[in-house]
Amino acid sequence: SPFPAHAVRNKLISHLLLTESAPLAANQDDSTNDGSLRTLLTLCDLLNRELLVLIGWAKQIPGFSGLSLVDQMSLLQSGWMEALLVGVAWRTQGASGEELVFAGNLRLDKAQCRAAGLADLYEALRHLTAKYQAMNLSAEEAAVLKAVALANSDASLVDCPDSVQRFQDGLHEALQDYESSRREQHRAGRLLMSLPLLRQTADRAVEAFLRLHRHRRVPLHKLLLEMLDAK
Amino acid sequence: KEKHKILHQLLQNSTSPVDL
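Chains R and B supply the protein sequences, listed in that same order.
The opening position of the first sequence corresponds to residue 353 in this note's numbering, with each subsequent residue numbered one higher.
The opening position of the second sequence corresponds to residue 10 in this note's numbering, with each subsequent residue numbered one higher.
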């Protein structure tokens, strides 16, 4: 494990960390000479690949694969953008200045986001990342928050509510356990209280990408489009 | 589930290649 043993006291959380893939790098788009469109297409390609990795990771969250296929789909369709934004917040945490770190080689500042048609999203994401930056998230917290974001669906059609509830309870317990082992009794609650802002920001992100696709005809990969359409 | 074909395929652990 790349993480010090003393930092990982909780089996479920250490499993979440170990099954995470290495951070993806952006592949520079070269299909256009328009710089801001190139940035946007590069970002969309990165999101599409991250989504693929996220789906693979979700299947390894203890309890997830035991859910019905319908519920697995509902949870992912509802929480995928939230989970991806936790990743952005985590990567941005160590960055200085006003950048958003989508990948090690894809750091966008306000002007770049505005040029790409993502001015609103930039503001919303800076607000979210500043909140997590102030909390100084640990790797364990970022991983469990991602899993919680996936589990915390408000999907109206849940096939088996009891199983989904048990899945949520397991993650909640792991977070509580982890924080009490660090003698941080308030952090679990604080992290859960960040979920409304996370969802609100994810909704804005979904709207932004759909708007770009529908109004500016920005081409999107099939998986990304399918997941955006599910919203 | 036709509308959510790719996600469905990915979750089913399909061995056939998925067109993304």
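Backbone N, C-alpha and C define an ideal beta-carbon position, used for all residues, glycine too.
For the structure I just gave you, are there three or more beta carbon pairs, one from the stretch 525-535 of chain R and one from the stretch 480-488 of chain R, closer than 8 Å?
no
Neighbourhood of Val510/R by C-beta distance below 7 Å, restricted to the same chain and skipping five residues each side:
Asp423, Ser426 and Val516
Return the CA-CA distance between Gly456/R and Phe519/R, expressed in angstroms with no decimal places.
32 Å
Assign Lys574/R to buried or exposed, taking buried as 16 or more other Cβ atoms, counted over all protein chains shown, within 10 Å of its Cβ.
exposed
Skipping 5 residues on each side, what residues in its chain have a beta carbon closer than 8 Å to that of Val360/R?
Note on Val360/R: pLDDT 46, under 50, position unreliable in the model; the coordinate value appears next. Here the set comprises Ser353, Ser366, Leu369 and Glu492.
Candidates Asn385/R, Asp381/R, Leu376/R and Leu393/R, of which the one nearest Glu402/R by Cα
Leu376/R
How would you label Gly469/R, buried or exposed, when you count the other beta carbons within 10 angstroms and need 16 or more for buried?
buried
Quick one, are the C-beta atoms of Cys396/R and Leu576/R less than 8 Å apart?
yes
Alpha-carbon spacing of Ile15/B relative to Glu578/R, whole angstroms
8 Å
Answer with yes or no whether the minimum CB distance from Met425/R to chain B is below 8 Å.
yes
With DSSP as the reference, please indicate the residues paired to Arg459/R in a beta bridge.
Val453/R
Give me the chain B residues within the contact set of Met545/R, using Cβ-Cβ distance strictly less than 9 Å, ordered along the chain.
By Cβ distance, chain B contributes nothing, its closest Cβ being about 30 Å from Met545/R, past 9 Å.
Proximity to Pro414/R [Cα-Cα], best of Ala503/R, Glu536/R and Asp555/R
Ala503/R
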